[in-house]
Amino acid sequence: GTGYTTILKLMQIMAGKGLLERDESSRSHVYAPTVAREAVQGSMLGDLIDRVFRGSTSALVMRALASRRASPDELAQIRELLADIDGQGEGEP
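Under this note's numbering, residues 1466 to 1558 are what the sequence shown spells out, in order.
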């Protein structure tokens, strides 16, 4: 597995970039994220779409759904999201 010092160094680098903060109140190394999960996901996903899928959101979605079976609950959530997106466009000329 990956060693303690390797993980600690990685977390120190992330802290240096402002992605983590260290709790200095104790001797132990306690880190916490400084950026919300959704913000990181959005940024990384946008980069993935641009780099791997040539900017095509539909290519990403099609590949994701073809690669891994979605549960019935996930499919219902996807349908709901698509209906919401469709509904937003109805009022436009």
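Note that the Cβ used here is the ideal one computed from N, Cα and C, for glycine as well. Every value quoted in this text rests on a predicted model; they were computed, and no experiment measured them.
Taking the beta strand (DSSP E) that residue i falls in, what are its first and last residues?
{"i": "Ala-1497", "result": "1495 to 1498"}
{"i": "Arg-1533", "result": "Per DSSP, Arg-1533 belongs to no beta strand (DSSP E) and is neither H nor E."}
Along the alpha helix (DSSP H) that carries residue i, what are the first and last residues, could you check?
{"i": "Glu-1545", "result": "1537 to 1554"}
{"i": "Gly-1481", "result": "1469 to 1481"}
Taking the CB atoms as reference points, tell me whether residue i and residue j lie closer together than 8 Å.
{"i": "Leu-1530", "j": "Ile-1514", "result": "no"}
{"i": "Glu-1486", "j": "Thr-1499", "result": "yes"}
{"i": "Tyr-1469", "j": "Ala-1480", "result": "no"}
Let me check one thing: in DSSP terms, what residues is residue i bridge-paired to?
{"i": "Asp-1488", "result": "Val-1495"}
task = Give, in chain order, every unbroken run of the beta strand (DSSP E) that is at least 3 residues long and sits entirely within the region 1503 to 1528.
result = none
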